[in-house]
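Taking the numbering used here, the leading residue of the sequence shown gets 126, the next gets one more, and so forth.
Written below as structure tokens is the structure these notes are about.
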Amino acid sequence: MSKRFDPKDKYFQKAKDEGYRARSAFKLDAIQKRFKLIRSADKVLDLGAAPGSFMQIAGRIVGDKGLVVGIDLLPIKPFRQLTMLAFEGDIFDEAVYEKVEVEAGVTLFDVITSDLAPATTGIKSVDAGRSFQLNEQVLKVSEGHLKRGGHVVMKAFPGVDHSELIRLAKKQFMHVKLFKPDAVRKSSKEVYIIGIGKL
Ligand SMILES: C[S@@+](CC[C@H](N)C(=O)[O-])C[C@H]1O[C@@H](n2cnc3c(N)ncnc32)[C@H](O)[C@@H]1O
């Protein structure tokens with residue numbers, strides 16, 4: 126049976142019981158409990174958002190005076206809240222940010238979260254390289270679409286480029302931390318890079 130959908134997995138079951146679309150909800154939940162990055166009424170941009178569990182966590186925190194915009198290559202089932210908007214698109218494609226500006230009326234966000242994961246090959250160095258490219262793009266998006274003082278959360282799979290990614294993040298943020306939520310499987314190298322306070 127695929128590990129991803131192991132029904133005995135504690136967080137898979139918890140997500141099902143609590144109405145979250147994916148177990149990743151508990152990763153952002155743990156990041157938020159530790160760093161308190163998202164606040165009520167914030168505007169949050171979630172990159173690689175499908176099926177939408179990071180959006181659910183962020184949506185609860187920002188409330189109805191805030192906004193959560195999710196972008197993914199895959200369609201995201203629409204939310205009933207008008208403050209939670211899903212866009213289908215590629216994070217490398219400028220057109221998707223133009224669409225967000227027109228339809229959501231926002232270009233600058235308080236927080237950018239990314240749980241982006243490349244289509245994996247199983248070859249660790251290739252997968253880490255693809256993840257690096259995604260995160261490099263997250264930092265570019267944050268250059269243009271994150272407010273000064275804002276924060277970024279991005280998932281990384283450490284490989285040879287990891288220290289370069291940290292170096293790039295440190296150029297843009299006052300503090301850069303690494304965090305591995307409990308919901309990350311013990312066998313996974315996955316870690317979240319947290320950029321606090323955009324310079
Ligand atoms: C682990 S899933 C995200 C789960 C999500 N955070 C949640 O909580 O429901 C990673 C997502 O990254 C998306 N992705 C990968 N490359 C992308 C790209 N270039 N542009 C947009 N989305 C991308 C994938 O389609 C996939 O849905």
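Beta carbons: idealized from backbone N, C-alpha and C, even for Gly.
These figures come from a predicted structure and were not determined experimentally.
Cα atoms of residue 194 and residue 311: separation of roughly 30 Å, rounded to the nearest angstrom. Exclusion of the five residues before and after residue 232 leaves 226 and 270 as the residues of its chain whose Cβ lies within less than 7 Å of its Cβ. The continuous stretches of beta strand (DSSP E) do not include residue 285, and DSSP gives it neither H nor E.
Our two residues, residue 188 and residue 249, have alpha carbons roughly 39 Å apart in a direct line. Between residue 179 and residue 171, the gap from beta carbon to beta carbon is short of 8 Å. The beta-carbon separation of residue 156 and residue 306, rounded to 6 Å, stays under the 8 Å limit for a contact. Between the segment 255-266 and the segment 212-228, the count of C-beta pairs closer than 8 Å reaches three or more; the two stretches touch. At least one heavy atom of ligand 1 lies closer than 7 Å to the C-beta of residue 196. Per the coordinates, the alpha-carbon of residue 139 lies some 32 Å from the alpha-carbon of residue 267.
Residue 245 counts as exposed, since fewer than 16 other C-beta atoms from the protein chains shown sit within 10 angstroms of its C-beta. A distance criterion of 7 Å places the beta-carbon of residue 149 in contact range of ligand 1, judged by its closest non-hydrogen atom. According to the DSSP secondary-structure assignment, residue 195 is paired through a beta bridge with 171 and 211.
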